[in-house]
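Taken in order, the sequence shown gives residues 15 to 387; the numbers are from the numbering used here.
The beta-carbon is built from N, C-alpha and C at its ideal position, and this holds for glycine as well.
To keep things clear, I will list the structure first and then write my remarks on it.
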Amino acid sequence: MNTIQKKRINKILYFLLLIFVVIYAPMSMEYFAKFFYSDSPRLWDNFFVWFVGEQHALGVGSAEIEQAIPYTKSRVPMLFHSIFGGLSILIAIHQFYKPYRIRYPQRHKILGRIQVIVVTITVIGSVMYLINTSAVDTFSGIGFHYSLWLLAIGTLLSLYLAVWAIIKKDVLAHQALMIFNFGALLSAPVLRLEWLFIGQIPNMTQELSNLYSALIFGYLLTPAAIIVSRLTDFRKQTLCSPPSKLNHYSPFLNLGLILSCLLYMFITYLYFDLFKTFDAFFYIIMSLIVMTFIGYVTMLSLNKYQKRWIAYREWLIHVISFAVLPIFILINWYFFTFFYTTQIAFQIAAMTTPPAIFGLGYVYMAYSRKRMI
């Protein structure tokens with residue numbers, strides 16, 4: 015893909031994200047107003063009802079019913095969370111507009127400082143909800159509770175690492191980390207977008223659709239950030255190391271991927287041996303693993319074939335992250351069996367390990383960009 019093609023795709027992608035953010039942000043900022051006065055517009059609720067029907071949106075199994083007590087208990091911090099969350103994605107989409115950054119660099123810096131404060135308040139609001147709400151009482155259950163904790167930590171960590179990178183004048187790492195941070199901030203709107211379509215499945219409750227949506231988002235966040243970071247990378251690919259310095263990775267990488275596939279097969283065997291069946295949750299996980307494997311290896315091979323060595327080295331990091339993933343899934347699964355049932359422990363491991371491992375690989379990639387020029 016040449017520079018002109020990248021710029022065209024960037025413009026289209028930015029325009030689509032801008033529309034998405036501008037539509038969703040008011041829904042987010044107004045959502046918790048209904049817990050303070052009954053005449054609130056209820057923008058999201060009305061739209062959700064129109065799209066999936068009242069039973070799915072507001073009936074049994076919905077957040078409206080299942081989270082009535084936890085949300086009421088944490089309505090003040092969640093009000094801050096929703097208002098500042100909507101504001102944060104509006105600021106972020108503005109910050110990503112390149113002509114604005116080039117023309118008004120000082121304003122970009124000032125708005126960036128405001129963004130740090132806004133995102134921090136947003137995360138504090140969600141953390142207060144998690145502290146006030148037990149894992150059992152969290153919407154969609156214990157696995158989602160731990161996912162929310164991981165999301166809160168990942169959002170703040172990527173933000174502060176991005177700030178540290180720009181202080182050190184590492185612009186490439188700063189931009190890559192802010193892309194990841196923006197993806198994390200889009201978790202709520204993306205989950206709701208998934209609800210609209212998963213909610214069309216017969217006999218699907220909102221609580222279950224949210225569980226599946228969160229599981230999908232865990233595998234979606236980092237690959238989406240990778241794709242955007244590649245589209246916004248205009249370094250000359252020839253400025254990287256020659257292939258002779260990369261070839262020694264190939265035998266170890268191939269062996270690692272084979273062992274990884276064997277471990278996934280072992281996880282499949284272990285799951286069936288323990289539970290005597292494969293449920294929808296497990297099928298979704300395996301589908302996501304297969305799609306991630308195909309996507310990562312395809313991009314690695316394609317960039318190697320095209321001799322795009324900077325892109326190849328970055329995809330190599332992500333493929334290694336994928337290769338070590340099943341080891342950490344098994345470790346986390348075993349660890350959480352000390353506190354929960356085997357099935358719940360698997361759910362926690364499956365929902366938290368992939369975004370954590372992929373995210374760490376992405377952070378390493380972001381900081382390695384300065385050396386890959």
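Contact with chain D by residue i, beta-carbon distance below 8 Å
{"i": "residue 20", "result": "Within the model displayed, chain D is absent; a lone protein chain is all it includes."}
Same chain, Cβ closer than 6 Å to residue i, five either side skipped, listed in chain order
{"i": "residue 71", "result": "62 and 63"}
{"i": "residue 121", "result": "none"}
{"i": "residue 41", "result": "57 and 58"}
{"i": "residue 87", "result": "146"}
{"i": "residue 371", "result": "335, 339 and 342"}
Inter-residue Cα distance where the pair is residue i and residue j
{"i": "residue 357", "j": "residue 230", "result": "18 Å"}
{"i": "residue 154", "j": "residue 221", "result": "5 Å"}
{"i": "residue 389", "j": "residue 243", "result": "Residue 389 is absent from the model: the chain starts at 15 and stops at 387."}
{"i": "residue 362", "j": "residue 286", "result": "17 Å"}
{"i": "residue 128", "j": "residue 213", "result": "36 Å"}
{"i": "residue 328", "j": "residue 379", "result": "6 Å"}
{"i": "residue 211", "j": "residue 65", "result": "9 Å"}
{"i": "residue 158", "j": "residue 348", "result": "18 Å"}
{"i": "residue 391", "j": "residue 279", "result": "Only positions 15 to 387 of the chain appear in this structure, which leaves residue 391 out of reach."}
{"i": "residue 179", "j": "residue 18", "result": "28 Å"}
{"i": "residue 109", "j": "residue 119", "result": "10 Å"}
{"i": "residue 216", "j": "residue 289", "result": "25 Å"}
{"i": "residue 266", "j": "residue 130", "result": "41 Å"}
{"i": "residue 37", "j": "residue 207", "result": "12 Å"}
Nearest neighbour of residue i, chosen from the options [CA to CA]
{"i": "residue 307", "options": "336, 330 and 284", "result": "336"}
{"i": "residue 303", "options": "286, 343, 291 and 267", "result": "343"}
{"i": "residue 141", "options": "165, 128 and 119", "result": "165"}
{"i": "residue 67", "options": "182, 132, 218 and 227", "result": "218"}
{"i": "residue 333", "options": "373, 180, 147 and 80", "result": "373"}
{"i": "residue 227", "options": "239, 209, 215 and 214", "result": "209"}
{"i": "residue 83", "options": "116, 112, 130 and 147", "result": "147"}
{"i": "residue 282", "options": "268, 267, 301 and 60", "result": "301"}
{"i": "residue 79", "options": "312, 116 and 152", "result": "152"}
{"i": "residue 133", "options": "115, 36 and 195", "result": "195"}
Residue j beta carbon less than 8 Å from that of residue i
{"i": "residue 187", "j": "residue 383", "result": "yes"}
{"i": "residue 91", "j": "residue 160", "result": "no"}
{"i": "residue 39", "j": "residue 104", "result": "yes"}
{"i": "residue 326", "j": "residue 318", "result": "yes"}
{"i": "residue 57", "j": "residue 107", "result": "no"}
{"i": "residue 138", "j": "residue 149", "result": "no"}
{"i": "residue 232", "j": "residue 55", "result": "no"}
{"i": "residue 367", "j": "residue 339", "result": "yes"}
{"i": "residue 324", "j": "residue 249", "result": "yes"}
{"i": "residue 20", "j": "residue 245", "result": "yes"}
{"i": "residue 376", "j": "residue 239", "result": "yes"}
{"i": "residue 34", "j": "residue 203", "result": "yes"}
{"i": "residue 224", "j": "residue 200", "result": "no"}
{"i": "residue 277", "j": "residue 341", "result": "yes"}
{"i": "residue 50", "j": "residue 85", "result": "no"}
{"i": "residue 364", "j": "residue 350", "result": "no"}
Own chain, CB closer than 7 Å to residue i, minus 5 neighbours either side, in chain order
{"i": "residue 136", "result": "95, 98, 99 and 102"}
{"i": "residue 198", "result": "165, 168, 169, 172 and 235"}
{"i": "residue 163", "result": "144"}
{"i": "residue 24", "result": "245 and 246"}
{"i": "residue 46", "result": "89, 92, 93 and 96"}
{"i": "residue 44", "result": "54, 55 and 57"}
Residue span of the alpha helix (DSSP H) that contains residue i, given as start and end
{"i": "residue 354", "result": "Neither: residue 354 is in no alpha helix (DSSP H) and is coded neither H nor E."}
{"i": "residue 17", "result": "17-44"}
{"i": "residue 218", "result": "From DSSP, residue 218 is part of no alpha helix (DSSP H); its letter is neither H nor E."}
{"i": "residue 53", "result": "It is not in any alpha helix (DSSP H) - residue 53 carries neither H nor E in the DSSP assignment."}
{"i": "residue 175", "result": "156-181"}
{"i": "residue 99", "result": "89-109"}
{"i": "residue 197", "result": "185-199"}
{"i": "residue 311", "result": "294-319"}
{"i": "residue 140", "result": "119-146"}
{"i": "residue 81", "result": "Here residue 81 belongs to no alpha helix (DSSP H), and DSSP marks it neither H nor E."}
{"i": "residue 71", "result": "68-72"}
Contact set for residue i: own chain, Cβ-Cβ below 8 Å, skip 5 residues either direction
{"i": "residue 354", "result": "156 and 362"}
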